[in-house]
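K.L.:
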Amino acid sequence: MTVAQALACGLDARDARLLLAHATGFSEASVLAFPERSLPLEAEQRFLDFAARRRAGEPVAYILGRKEFYSLPLAVNPAVLIPRPETELLVELALSRDFSTVVDLGTGSGAIALAIKKHRPKARVLAVEASAAALEVAKRNGVALGLDVEWQHGRWFSGLDRRVDLIVSNPPYVAAGDRHLADLRYEPASALVSGADGLDAIREIVAAAPEHLLQGGWIFLEHGIGQDKAVRELLERAGLEEVQTWPDLAGTPRVTGAKR
Ligand code: GLN
2 MTVAQALACG
12 LDARDARLLL
22 AHATGFSEAS
32 VLAFPERSLP
42 LEAEQRFLDF
52 AARRRAGEPV
62 AYILGRKEFY
72 SLPLAVNPAV
82 LIPRPETELL
92 VELALSRDFS
102 TVVDLGTGSG
112 AIALAIKKHR
122 PKARVLAVEA
132 SAAALEVAKR
142 NGVALGLDVE
152 WQHGRWFSGL
162 DRRVDLIVSN
172 PPYVAAGDRH
182 LADLRYEPAS
192 ALVSGADGLD
202 AIREIVAAAP
212 EHLLQGGWIF
222 LEHGIGQDKA
232 VRELLERAGL
242 EEVQTWPDLA
252 GTPRVTGAKR
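And the structure:
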């Protein structure tokens, strides 16, 4: 099988190129530049296996074992949610504030905490995760990137020993039974699903936020389409101020925040 034949296997062109590069060890550029090259037998077998997994619906990021987020190369596996481009908004908003201590609740792969630490090396960055398997991925990413985040195993604020300037979270926010979940079946349900309306985790985080924020500190929460009004109401009811929502690049209201 040649590179050109592999690329013509019926997958999305970019997926095919990434999987072929991963299977062969060729760079993406050389995959494009040398279509007549024939694949070593083992590489061909690896590629066919990757292509079959992709066709069955497995996300490319899990097949490659990596995903880029905020220009950071992250290791991922099925224990963690695959970082999404829209979550970069949460990082942008965090980095728009002054803070010396920030906590990322439900850090998963560590994506948000690591991106913040990368750009605020002097800040104390805490990251909490309830899943031990996910936390292992996050810690490995921290070591690989040389970023000194303080990882804590626990639920939401459980391990927090002091008030912080900033709380960020991309918690699970999909409603149980949402049809959209079929497309997300390879990802951990615990990172996606949160009660009948998808707001259980956000309710729990918002209720506890005021007692964990320093005066003047901010909280930013990612949420799903159509949840912005409910999240603003929760933040207002918790007594927080300057409650507002920001749209992602697609124009979807995606992050809601407030100040103590
Ligand atoms: N953004 C994910 C989706 O595809 C959901 C992530 C989450 O629940 N935090 O809907």
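No gaps in the numbering here: position 145 of the sequence shown is 146 in this note's numbering, and each next residue is one more. Glycine residues also receive a C-beta, built at the ideal position from the N, C-alpha and C atoms.
Considering only heavy atoms of the ligand GLN, does any lie closer than 8 angstroms to the CB of residue 174?
P.N.:
True, at least one ligand heavy atom lies under 8 angstroms from that Cβ.
K.L.:
Return the CA-CA distance between residue 213 and residue 148, expressed in angstroms with no decimal places.
P.N.:
Residue 213 and residue 148: Cα-Cα distance of roughly 24 angstroms.
K.L.:
What's the call for residue 1, buried or exposed, on a 16-neighbour Cβ count within 10 Å?
P.N.:
Outside the displayed span of the chain (2 to 261) sits residue 1, for which this structure offers no information.
K.L.:
Taking C-beta to C-beta, are residue 261 and residue 211 nearer than 9 angstroms?
P.N.:
Taking 9 angstroms as the Cβ cut-off, residue 261 and residue 211 qualify as a contacting pair.
K.L.:
Taking DSSP as the reference, what is the three-state secondary structure of residue 86?
P.N.:
Three-state result, residue 86: helix.
K.L.:
Starting from the Cα of residue 127, find the closest Cα among 201, 252, 207 and 153 and give me that residue.
P.N.:
When only C-alpha atoms are compared, the closest one is 153.
K.L.:
Determine the closest residue to residue 108 out of 88, 123 and 122, with distance taken between C-alpha atoms.
P.N.:
The shortest C-alpha separation from residue 108 is found at 88.
K.L.:
What does DSSP give as the partner residue(s) for residue 254 in the beta ladder?
P.N.:
In the DSSP output, where bridge partners are listed per residue, residue 254 has 248.
K.L.:
Who does residue 75 pair with in a DSSP beta bridge?
P.N.:
DSSP output for residue 75 lists 68 as bridge partner(s).
K.L.:
Counting only runs of 3+ residues fully inside the stretch 164 to 245, write out the beta strand (DSSP E) ranges in chain order.
P.N.:
If we require 3 residues or more, the beta strand (DSSP E) runs fully inside the stretch 164 to 245 come out as 165 to 170 and 214 to 223.
K.L.:
With burial defined as no fewer than 16 other Cβ atoms inside 10 Å of the residue's Cβ, what is the status of residue 56: buried or exposed?
P.N.:
The residue is exposed, with fewer than 16 neighbouring Cβ atoms inside 10 Å.
K.L.:
Between 172, 48 and 208, which has its C-alpha nearest residue 196's C-alpha?
P.N.:
Nearest of 172, 48 and 208 to residue 196, Cα basis: 172.
K.L.:
Under three-state DSSP, which class holds residue 16?
P.N.:
Residue 16: helix per DSSP, three-state reduction.
K.L.:
Is it true that the CB of residue 179 sits closer than 9 angstroms to the CB of residue 231?
P.N.:
Cβ atoms of residue 231 and residue 179: not closer than 9 angstroms.
K.L.:
Do residue 160 and residue 115 have their beta-carbon atoms positioned less than 9 angstroms apart in this structure?
P.N.:
No.
K.L.:
State buried or exposed for residue 27, treating a residue as buried only when at least 16 other CB atoms are found within 10 Å of its CB.
P.N.:
Buried, because 16 or more other Cβ atoms sit within 10 Å of the Cβ of residue 27.
K.L.:
Roughly how many angstroms lie between the CA atoms of residue 77 and residue 242, to the nearest whole one?
P.N.:
Whole-angstrom Cα-Cα distance: 36 angstroms.
K.L.:
Closer than 8 angstroms to a non-hydrogen atom of the ligand GLN - does that hold for the CB of residue 110?
P.N.:
Result no, Cβ not under 8 angstroms from the ligand GLN.
K.L.:
Identify whether residue 151 lies in helix, strand or coil by the three-state DSSP scheme.
P.N.:
In the structure shown, residue 151 sits in a strand (DSSP, three-state: E or B).
K.L.:
With H, G and I counted as helix, E and B as strand and the rest as coil, what does DSSP make of residue 81?
P.N.:
Of the three classes helix, strand and coil, the one that applies to residue 81 here is coil, per DSSP.
K.L.:
Excluding sequence positions up to five away, which residues of its chain have a Cβ less than 7 angstroms from the Cβ of residue 207?
P.N.:
Correct list, in chain order: 235, 236 and 239.
K.L.:
Can we count residue 180 as close to the ligand GLN, meaning its CB is less than 8 angstroms from some heavy atom?
P.N.:
Checking the Cβ of residue 180 against the ligand GLN gives no.
K.L.:
Give me the Cα-Cα distance between residue 209 and residue 175, rounded to the nearest whole angstrom.
P.N.:
One C-alpha to the other measures close to 21 angstroms.
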